[in-house]
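What follows is one structure encoded as structure tokens, with my remarks underneath.
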Amino acid sequence: MFRGLTVTKSDDGVVSASIGQLDDSFLPEEGEVTIKVHYAGLNYKDGLCLNGLGALIRDYPRIPGVECAGEVLESRDDRYKPGDKVVMTGWRFGEIWHGGFAEKAKVKADWLVPLADGLSLRQSMILGTAALTAILGLQALEKCGITKDSGEVLVTGAAGGVGSLSVLLLAAHGYEVAAVSGRIKEAGAYLTALGAQTLVPRAELAEPAKKPLESARWAGCIDNVGGPMLGRIIGQLKYGGTVASIGNAGGNDLPASILPFLLRGVNVLGIDSVFQPYQSCVDGWNRLVAEFPLDRLEEMATEITLDELPEAGKKILEGQTKGRWIIAL
18 MFRGLTVTKS DDGVVSASIG QLDDSFLPEE GEVTIKVHYA GLNYKDGLCL
68 NGLGALIRDY PRIPGVECAG EVLESRDDRY KPGDKVVMTG WRFGEIWHGG
118 FAEKAKVKAD WLVPLADGLS LRQSMILGTA ALTAILGLQA LEKCGITKDS
168 GEVLVTGAAG GVGSLSVLLL AAHGYEVAAV SGRIKEAGAY LTALGAQTLV
218 PRAELAEPAK KPLESARWAG CIDNVGGPML GRIIGQLKYG GTVASIGNAG
268 GNDLPASILP FLLRGVNVLG IDSVFQPYQS CVDGWNRLVA EFPLDRLEEM
318 ATEITLDELP EAGKKILEGQ TKGRWIIAL
């Protein structure tokens, strides 16, 4: 038996979360590696799953939680043995497969990566999918030639998990960072401490552009919002500017003109951290250990318990969380 959180759906379509004891038989037989979960991370996608939104979970009951870190208990795969420390992200874990919001998880060996040297399990979840996504965003900017000398790089949704880590990561690499947030009053000092040199109120970019090309301002952007804001940012990119498109908290529709692409040669690169190949994930984690200011992680970490998770799931959807929230199990 183990303790975990499950979401269920009633006959009339109401999704609810409950916490209790689960039998080991609840875990998928197809899983090759059983993990004792030490920490899980809370992401926007988890908020959707906990509240029955986004159609991410189709089959109920389900243990949500798109990422976790822990220690191998049992393994049917030669790559892992009991006692190994591992990290699980991606592969629709917590959506179509029982996830990390429980004391145990059982997964396919191909989905796991060993805990990177120099990281603790706790640190791996403060970083989590958010940091892996942020490093992929940085790599997208680098691929398109955006350097620290190119000019200001914008980070939208900057007070959130991916946003906070992106600000810190970019600043650590010498970029001039402009942070966008709808909570400048509450989060401004926090973002400045992470390395943002300019604070941009969300309202400045929330309205659709009145013309297809605006004054060229941003060399690049790591965008967690999408929607009309992304369309506005595209029209403000400098020549050859690049957006790493990571999230859609602001909506799925993209009202944008083709002119910035034709007249300024801008780029919009989609970032997917869910189905990254094994070696790409390992390289990403190793780069985070080598280049990320790990001594700054606790500044953005909030630790909660499993019992506090349902309420936290509501807060992340309402934009009331800051930095990275992790669950100790």
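Per my numbering, the sequence shown runs over residues 18 to 346. Backbone N, C-alpha and C fix where the C-beta goes; we use that ideal spot for every residue, glycine too.
- Note on geometry: alpha-carbon atoms of Lys165 and Pro99 lie some 44 Å from one another.
- A check of alpha carbon separations from Asp324 across Gly37, Val31, Ser27, Asp29 identifies Gly37 as the nearest.
- Gly21 sits close to Ile80, with the two beta carbons spaced by under 7 Å.
- Annotated as distal: Val179 and Asn269, with beta-carbon spacing of 7 Å or more.
- DSSP places Trp128 within a helical segment (H, G or I) once states are collapsed to three.
- Under the criterion of beta carbons closer than 8 Å, Gly264 and Glu231 do not qualify as touching, at roughly 22 Å.
- Buried is the label assigned to Asp63, since at least 16 other Cβ atoms lie within 10 Å of its Cβ.
- If the five residues before and after Asp127 are omitted, its C-beta is found closer than 8 Å to the C-beta atoms of Tyr295, all from its own chain and listed in chain order.
- Here Gly135 has Val306 as same chain residues with Cβ atoms under 7 Å from its own Cβ, once five neighbours each way along the sequence are excluded.
- Contact annotation, Ala196 with Ala175: C-beta distance approximately 4 Å; criterion of less than 8 Å satisfied.
- Around the CB of Ser27, fewer than 16 other CB atoms lie within 10 Å, so the residue is classed as exposed.
- DSSP, read as helix, strand or coil, puts Lys98 in coil.
- Within 10 angstroms of the beta-carbon of Tyr56 lie 16 or more other beta-carbons, which makes it buried.
- Restricting attention to Tyr256, Leu311, Val260, Ser167, the CA atom closest to the CA of Leu286 is found in Val260.
- Comparing C-alpha distances from Asp289 to each of Phe19, Ala151, Ala34, Leu65 shows the shortest one belongs to Ala151.
- It is roughly 34 Å from the alpha-carbon of Leu70 to the alpha-carbon of Asn303.
- In the three-state scheme derived from DSSP, where H, G and I count as helix and E and B as strand, Ile36 is classed as strand.
- By the neighbour-count definition (other C-beta atoms within 10 Å, threshold 16), Phe292 is an exposed residue.
- Shown here, Lys255 sits in a strand according to DSSP, grouped into three states.
- Note on geometry: alpha-carbon atoms of Glu88 and Tyr207 lie some 33 Å from one another.
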